[in-house]
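Have a look at the structure below before the remarks.
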Amino acid sequence: MTIASSMPERAADPTGAAVVPKMLRRQRIAEAFVAWSLAGPALVLLVTMFFLPVFAVFAIALTDWQFGATTLSFIGMANFREVLADEGFRASFANTIFYVVIVVPGTIVLGLAIALLIESGKSCRAFYRAIHFLPFMATLTAMAIAWEALLHPTIGLVNQTLAGLGLPTANWLRDENTVLPVLAIIGIWQNLGYAMVLFLAGLKSIPQDLYDAADIDGADLWFDRLRTVTLPMLGPVTMFVFIVVALKAFETFDTVQVLTQGGPGHASEMLLYTLYRESFEYLRTGYGASVAVVFLFIVVALTLIQARVMDKKVHYQ
Amino acid sequence: MAGITIEKIEKTFGATPVLREVSLKIADGEFLTLLGPSGCGKSTLLRILAGLEVQTAGSVAIGDRVVDGVRPKRRDVAMVFQSYALYPHMTVQDNMSVPLRMRRLTAWQRLPLLGRFLPGTKATAAEIERDVIRTAKALGIGHLLARKPGQLSGGQRQRVAVGRAMVRQPAVFLMDEPLSNLDAKLRVQMRAEIKELHNRLGVTFVYVTHDQSEAMTMSDRVAVMLDGELLQVAPPQEIYADPDDRRVAEFIGSPKINMLEAKLRDAALADAAGTSFTVAADAGPGTALTVGIRPEAFHLVETGGPNVLTGAVRLVEHMGSDLFVHLNVPGTEHPVVARLLAERAPQIELGQTLHLGVRPERLLIFAADGKRLRPQGHAGAKVLPIKERMQ
Numbered sequence: 001m002t003i004a005s006s007m008p009e010r011a012a013d014p015t016g017a018a019v020v021p022k023m024l025r026r027q028r029i030a031e032a033f034v035a036w037s038l039a040g041p042a043l044v045l046l047v048t049m050f051f052l053p054v055f056a057v058f059a060i061a062l063t064d065w066q067f068g069a070t071t072l073s074f075i076g077m078a079n080f081r082e083v084l085a086d087e088g089f090r091a092s093f094a095n096t097i098f099y100v101v102i103v104v105p106g107t108i109v110l111g112l113a114i115a116l117l118i119e120s121g122k123s124c125r126a127f128y129r130a131i132h133f134l135p136f137m138a139t140l141t142a143m144a145i146a147w148e149a150l151l152h153p154t155i156g157l158v159n160q161t162l163a164g165l166g167l168p169t170a171n172w173l174r175d176e177n178t179v180l181p182v183l184a185i186i187g188i189w190q191n192l193g194y195a196m197v198l199f200l201a202g203l204k205s206i207p208q209d210l211y212d213a214a215d216i217d218g219a220d221l222w223f224d225r226l227r228t229v230t231l232p233m234l235g236p237v238t239m240f241v242f243i244v245v246a247l248k249a250f251e252t253f254d255t256v257q258v259l260t261q262g263g264p265g266h267a268s269e270m271l272l273y274t275l276y277r278e279s280f281e282y283l284r285t286g287y288g289a290s291v292a293v294v295f296l297f298i299v300v301a302l303t304l305i306q307a308r309v310m311d312k313k314v315h316y317q
Numbered sequence: 001m002a003g004i005t006i007e008k009i010e011k012t013f014g015a016t017p018v019l020r021e022v023s024l025k026i027a028d029g030e031f032l033t034l035l036g037p038s039g040c041g042k043s044t045l046l047r048i049l050a051g052l053e054v055q056t057a058g059s060v061a062i063g064d065r066v067v068d069g070v071r072p073k074r075r076d077v078a079m080v081f082q083s084y085a086l087y088p089h090m091t092v093q094d095n096m097s098v099p100l101r102m103r104r105l106t107a108w109q110r111l112p113l114l115g116r117f118l119p120g121t122k123a124t125a126a127e128i129e130r131d132v133i134r135t136a137k138a139l140g141i142g143h144l145l146a147r148k149p150g151q152l153s154g155g156q157r158q159r160v161a162v163g164r165a166m167v168r169q170p171a172v173f174l175m176d177e178p179l180s181n182l183d184a185k186l187r188v189q190m191r192a193e194i195k196e197l198h199n200r201l202g203v204t205f206v207y208v209t210h211d212q213s214e215a216m217t218m219s220d221r222v223a224v225m226l227d228g229e230l231l232q233v234a235p236p237q238e239i240y241a242d243p244d245d246r247r248v249a250e251f252i253g254s255p256k257i258n259m260l261e262a263k264l265r266d267a268a269l270a271d272a273a274g275t276s277f278t279v280a281a282d283a284g285p286g287t288a289l290t291v292g293i294r295p296e297a298f299h300l301v302e303t304g305g306p307n308v309l310t311g312a313v314r315l316v317e318h319m320g321s322d323l324f325v326h327l328n329v330p331g332t333e334h335p336v337v338a339r340l341l342a343e344r345a346p347q348i349e350l351g352q353t354l355h356l357g358v359r360p361e362r363l364l365i366f367a368a369d370g371k372r373l374r375p376q377g378h379a380g381a382k383v384l385p386i387k388e389r390m391q
């Protein structure tokens, strides 16, 4: 606009040539000002709420600082060496992996199955959606107390039912063989609704034409339809569910805190709980920070995998 | 190879009737086009033929076999969709293999990982690959086999969709507006290719479109549908020159046919637009009629008179080979459009008064209910037999 409107002026009056760059520069400065003032608040928040804390965690991880202490000294990688050598941390890491390996596939398979069932029927869809989504909306701490009552060794509904059927019972949360699977089941129960809602949205976006083409091509049995159309078309959604549920599973804390406190022994201790305990119960903040760094690496790695696989494998472009 | 017999097909969605007693016989090897505006039920009829939709009443037979309630894959039909409906995660080769894999391999042999090791899987898979490659080469997409649909242009996707339908050599091809997602130039090219494909394969094609030029250029016969009814089934030239119904006459032809409201004066003359037309109708004087005149039926004459329309030139459209002249004729609702030779252009000016004559045998007379009134002894336009196909 500026150039176009000033062109004839310039042709008529050669001395006006300097006017154009000046106006351009002024416009450029104005644009930069608007851009910074729009992005600025978000940038400040991002730096103070995210980058600085992360940086602080990295810094604290290299010291022997104890929560509340007035002095600290730089100890380099000592915390990380201790973390990697620590039996307790290794157990906690192994528990977390075990938990994730059960919760993620369990949530995806069950969430998809329920989404397919709801989508295939016509009646009460909203009702089924709601009841499966409820656990995700509820406060898990409160729900954990309900689970505790259900799993109570003597008066809990689970054991009473099993006993009534003549099946063996167990002290679910106090037995080191059962405690992790039980926590994992609670984890699946909680994330199921979320996965289901995402899968339902994914199913809705599959074009009917593809199912028609599959019918004509002869892929009309449920297994063939699933393999030829449904699962491949749900690829992006599945990838997303996988990452989100994996992240949520890695950061499981509330059920451990409310139900087991990591016990019996270290049988149900998981990364975030270890982090919390070291930092705020034992007050070894430097050590806790190094656990947080390890945790951060896992999370970032998962996100990177998502970005790579998403682009290459599931979008079919 | 098989013809198709459609008998009194009805379809309602809820309380809305979509198809009303549609009956149609399609000959073996014929190229039949279902033509109509969107929402006329033509796609629904095609989907009923495919088995993707179940009719409310009536019956469909393919060949000698009644296929009501038979699943699509057992009907020996293939379909090309408007969206092509290619599987986006599969390569072109895999896309084209699906219909063969589903038919030639057992469910066990199709199992992932395990199926590969079952006896016979390898030989059948090699056979499938051979057939797919042969079909792809015949369609000129042999070099695209390793690509995914996302990497193909519209025309290439269209060929892949045709290839997937063709590869298992079905008895009937069903095509649901397969060209409507292509640009105009490619559409003309693909039109010719599909027609050639039909000539080469010699199987029955049922082709759905709303584009009259596709219907006119490709078909052996055109079935014109409107509001769920079949109005006329005839070869393209007959549909154009000898329509049974006012709606058919109005739907076919571009520019649109000129329709003049007329009143019968006696058994041989009708008044319309300030002139009189020679008609032959078995009706009393005063009966309301519609006189239809195709734009190219007009010729320039010197003076007014019977069978001559007089009006002022309102617009001239130069199409290169032809001239579309729009005329304001007193007593008509819409401008009358005439198609004249392009050489006339220098003689025609805006506002000029023109006299357009038309020979009585080129008048199409319709009764008030839209049905065509034919002079007695009129046998209709000559019906050409279905073209002899190349062997």
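Line order of the protein sequences matches chains P and L. Mapping of the first sequence onto the UniProt record's numbering: position 194 corresponds to residue 194, and the numbering continues sequentially without gaps. Mapping of the second sequence onto the UniProt record's numbering: position 210 corresponds to residue 210, and the numbering continues sequentially without gaps. From the three backbone atoms N, C-alpha and C, an ideal C-beta is built for every residue, glycine too.
Interface residues of chain P facing residue i [CB-CB closer than 9 Å]
| i | result |
| --- | --- |
| residue 73/L | 215, 216, 217, 218, 219, 220 |
| residue 99/L | 216, 217, 218, 219 |
| residue 146/L | Correct list: empty, because the minimum Cβ distance to chain P is about 14 Å. |
Identity of the residue in the options nearest residue i by Cα
| i | options | result |
| --- | --- | --- |
| residue 252/P | 232/P, 217/P, 299/P | 299/P |
| residue 22/L | 153/L, 6/L, 13/L | 6/L |
| residue 314/L | 327/L, 321/L, 206/L, 113/L | 327/L |
| residue 277/L | 80/L, 240/L, 361/L, 198/L | 361/L |
| residue 296/L | 47/L, 325/L, 159/L | 325/L |
| residue 290/L | 93/L, 271/L, 221/L, 346/L | 271/L |
| residue 61/L | 4/L, 108/L, 354/L | 4/L |
| residue 124/L | 258/L, 110/L, 32/L, 68/L | 110/L |
| residue 223/P | 8/L, 189/L, 198/L, 112/L | 112/L |
| residue 230/L | 368/L, 14/L, 16/L, 36/L | 36/L |
| residue 118/L | 106/L, 136/L, 372/L | 106/L |
| residue 84/L | 329/L, 371/L, 178/L | 178/L |
| residue 25/L | 222/L, 321/L, 345/L | 222/L |
Cβ-based burial, residue i [other Cβ within 10 Å; buried from 16]
| i | result |
| --- | --- |
| residue 22/P | exposed |
| residue 343/P | The shown model of chain P, from 1 to 317, leaves out residue 343/P, and the question about it has no answer. |
| residue 202/L | exposed |
| residue 248/L | buried |
| residue 11/L | buried |
| residue 45/P | exposed |
| residue 266/P | buried |
| residue 177/P | exposed |
| residue 282/P | exposed |
| residue 55/L | buried |
| residue 213/L | exposed |
| residue 230/P | buried |
| residue 219/L | buried |
| residue 224/L | buried |
| residue 30/P | exposed |
Closer than 8 Å at the beta carbon, the chain L residues around residue i
| i | result |
| --- | --- |
| residue 210/P | 85, 87 |
| residue 229/P | 87 |
| residue 202/P | By Cβ distance, chain L contributes nothing, its closest Cβ being about 14 Å from residue 202/P, past 8 Å. |
| residue 105/P | Result: empty, since nearest Cβ-Cβ is about 17 Å, beyond 8 Å. |
| residue 207/P | 83, 85 |
Presumed contact (8 Å Cβ cut-off) between residue i and residue j, rounded CB distance
| i | j | result |
| --- | --- | --- |
| residue 72/L | residue 215/P | 5 Å |
| residue 79/P | residue 290/P | 4 Å |
| residue 279/L | residue 288/L | The Cβ separation is near 12 Å, so there is no contact. |
| residue 351/L | residue 307/L | So it is not a contact: roughly 24 Å between Cβ atoms. |
| residue 164/L | residue 98/L | 7 Å |
| residue 260/P | residue 179/P | 6 Å |
| residue 299/L | residue 38/L | With a Cβ gap of about 36 Å, residue 299/L and residue 38/L do not count as contacting. |
| residue 28/L | residue 57/L | Actually they do not touch by this definition, with Cβ atoms about 26 Å apart. |
Proximal residues of chain P, C-beta to C-beta of residue i below 8 Å
| i | result |
| --- | --- |
| residue 362/L | Per Cβ cutoff of 8 Å: no residues; residue 362/L is ~44 Å from chain P at best. |
| residue 102/L | 217, 218, 219, 224 |
Per-residue contacts from residue i into chain P (C-beta, under 7 Å)
| i | result |
| --- | --- |
| residue 79/L | 216 |
Residue i: contacting residues in chain L (beta-carbon distance under 9 Å)
| i | result |
| --- | --- |
| residue 319/P | Residue 319/P lies beyond the residue range present for chain P, which begins at 1 and ends at 317; the question has no answer from this structure. |
| residue 232/P | 87, 88, 89, 90 |
Between the segment 49-62 of chain L and chain P, which residues of the former have CB atoms less than 8 Å from a CB of the latter, in chain order? 50, 51, 52
Closer than 7 Å between beta carbons: that is the criterion. Which residues of the segment 314-338 of chain L meet it against chain P? none
Chain L contacts made by the segment 254-269 of chain P, where a contact means CB separation under 7 Å: Going along the segment 254-269 of chain P in chain order, one finds no residue with a Cβ nearer than 7 Å to chain L.
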